[in-house]
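Asker: I have a structure here, written as structure tokens, and I will follow up with some questions on it.
2 protein chains.
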Amino acid sequence: MPGPPKWRHRFQGHVSRWTVPREVILDLLCRTSKHLSAKEIYSYLYKSHPGIGMTTVYRTLDLLARMGLVTKLVLGDGQSRYEFKSSDREKHHHHLLCTKCGKIIDYSEFLDEELELIRKTEKKLEKKYNFKILDHNIEFLGLCEKCYVFSEKRSSNDS
Amino acid sequence: MPGPPKWRHRFQGHVSRWTVPREVILDLLCRTSKHLSAKEIYSYLYKSHPGIGMTTVYRTLDLLARMGLVTKLVLGDGQSRYEFKSSDREKHHHHLLCTKCGKIIDYSEFLDEELELIRKTEKKLEKKYNFKILDHNIEFLGLCEKCYVFSEKRSSNDS
DNA sequence: CTTTTAATGATAATGGTTATCATTAAGATA
DNA sequence: TATCTTAATGATAACCATTATCATTAAAAG
């Protein structure tokens, strides 16, 4: 366990051993705002820590997700992506997804009303369906600027 | 193309040939409220149409999704699921997902406010990010009644 | 009925993720 | 600090949903 045990306290009570891969993967995720896949994380870390294997990347991401430190995004492009879940409310955000090129835009404007409504809805749903709600997932699907422009050119040529 | 061409008109302009697999798969989906995977659809149809192959099931589901007749649900359990997208506004719904057992609850109560807010948010996001929004996806994650009760028993035994 | 070719389906290939298991090293103990 | 216990790791193989390939079939038109 070389280096400062920056995240060690977050592991207390969850796992018995605080290891280099766990530190390093979590550290990478909290430094970036990108939505990284397991393979991307693997290759980022390969430069500084060539010893860390894909299996460990997957296992660690699963652990971090279960601990609530990381959000697993399943966007339907065949691979899962992961992002650090900040406890900072300022950084809470939802997603805008381009179904053409896969671009992901995080937006955090306009969330106040959204979150207010979500809280109300959660309460009603929990009562009605006897369901313990732990998280929510809101995303808008469509075409980003580039892809939209392109598809308009295409369709006017096609016809 | 045996049987009544029930869905034929929906295909007009989208594809050049209206075939048995397309009719049958769409028909199955519109008759059920379940969220079927490709494999499940394949085995449902195997009884009445043993000739239809998995490849065609996948291709047809992809087609139906692109046509907007069917929604593809990617829930992170390793397989996509599909549901008929009714044009009937009454049947529009969102999902409640149990992260333990995978149970899916459709809810359509409380949607008025939700949809109103979604429309407003979509407008603002489209303007701000130059993004053409075509669809949305709202889901609540948590534990269904059974899984919640079970996890409570577990945790009180564990400690 | 014949023709054209879009659509199909058997098969193989792909690729993300998980299981296996011998090895390693984190944390405890002396 | 050296030793011990075993949680965690990593190389490898296995798994499995999905996609690519390509010869065959059948929908629609003539």
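Going down the list, the sequences are from chains A and B. Last residue of the first sequence: 1257 (this note's numbering), numbering continuous. Last residue of the second sequence: 1257 (this note's numbering), numbering continuous. Every residue gets a Cβ at the ideal spot worked out from N, C-alpha and C, and that includes glycine.
Along chain B, which residues have their Cβ under 9 Å away from the Cβ of residue 1248 of chain A?
Answerer: By one-based count along the first sequence, residue 1248 of chain A stands at place 150. Near residue 1248 of chain A there are no residues of chain B at all, since even the closest Cβ is about 11 Å away, more than 9 Å.
Asker: Tell me which residues of the region 1223-1242 of chain A have at least one Cβ-Cβ distance to chain B shorter than 9 Å, keeping chain order.
Answerer: Correct list: 1223, 1224, 1226, 1227, 1228, 1229, 1230, 1231, 1232, 1233, 1234, 1235, 1236, 1237, 1238, 1239, 1240, 1241, 1242.
Asker: Give the interface partners of residue 1203 of chain A over in chain B, defined as CB-CB distance under 9 Å, in chain order.
Answerer: Translated into the one-based positions of the first sequence, residue 1203 of chain A becomes position 105. The contacting residues are 1223, 1227, 1229.
Asker: Hey, how far is the Cα of residue 1174 of chain B from the Cα of residue 1222 of chain B?
Answerer: Walking along the second sequence from the start, residue 1174 of chain B turns up at place 76. Walking along the second sequence from the start, residue 1222 of chain B turns up at place 124. Going by the C-alpha atoms only, they are around 29 Å apart.
Asker: How would you list, in chain order, the residues of chain B whose beta-carbon sits under 8 Å from the beta-carbon of residue 1172 of chain A?
Answerer: Position 74 of the first sequence holds residue 1172 of chain A. Near residue 1172 of chain A (Cβ distances below 8 Å), the residues of chain B are 1172, 1173, 1174.
Asker: For the structure I just gave you, are there three or more beta carbon pairs, one from the region 1205-1222 of chain B and one from the region 1161-1179 of chain B, closer than 8 Å?
Answerer: No: the two stretches stay apart, fewer than three of their Cβ pairs being nearer than 8 Å.
Asker: At a CB distance below 9 Å, what residues from the region 1141-1160 of chain B approach chain A? Give them in sequence order.
Answerer: Hits within the stretch: zero.
Asker: Under DSSP, the beta strand (DSSP E) around residue 1169 of chain A begins and ends at which residues?
Answerer: For the purposes of this step, residue 1169 of chain A is taken as residue 71 along the first sequence, with counting starting at 1. Taken as a continuous stretch (DSSP letters only), the beta strand (DSSP E) holding residue 1169 of chain A covers 1168-1172.
Asker: Are any of the Cβ atoms in chain A nearer than 8 Å to that of residue 1188 of chain B?
Answerer: Stepping through the second sequence from its first residue, residue 1188 of chain B is reached at position 90. Residue 1188 of chain B does not count as touching chain A.
Asker: Buried or exposed: which applies to residue 1158 of chain A, given that a residue is buried once 16 or more other Cβ atoms fall within 10 Å of its Cβ?
Answerer: The count along the first sequence starts at 1 and reaches residue 1158 of chain A at position 60. When all chains shown are included, residue 1158 of chain A counts as buried.
Asker: Which residues in chain A have a C-beta closer than 7 Å to the C-beta of residue 1219 of chain B? List them in chain order.
Answerer: What you label residue 1219 of chain B is simply residue 121 of the second sequence in a count that begins at 1. Correct list: 1208, 1212.
Asker: List the residues of chain B that residue 1194 of chain A touches, going by C-beta distances under 9 Å, in chain order.
Answerer: Within the first sequence, the letter at position 96 stands for residue 1194 of chain A. What residue 1194 of chain A touches in chain B: 1223, 1227, 1229, 1231.
Asker: Excluding the 5 residues flanking residue 1100 of chain B on each side, which residues of the same chain have their C-beta closer than 8 Å to its C-beta?
Answerer: Numbered from its first residue, the second sequence carries residue 1100 of chain B at position 2. Reliability fails at residue 1100 of chain B, whose pLDDT of 38 lies under 50, so the model's placement of it is uncertain and the value that follows must be treated cautiously. Around residue 1100 of chain B: 1118.
Asker: Are the C-beta atoms of residue 1162 of chain A and some chain B residue less than 8 Å apart?
Answerer: To locate residue 1162 of chain A, count along the first sequence from 1; it is residue 64. It does not; no Cβ of chain B falls within 8 Å.
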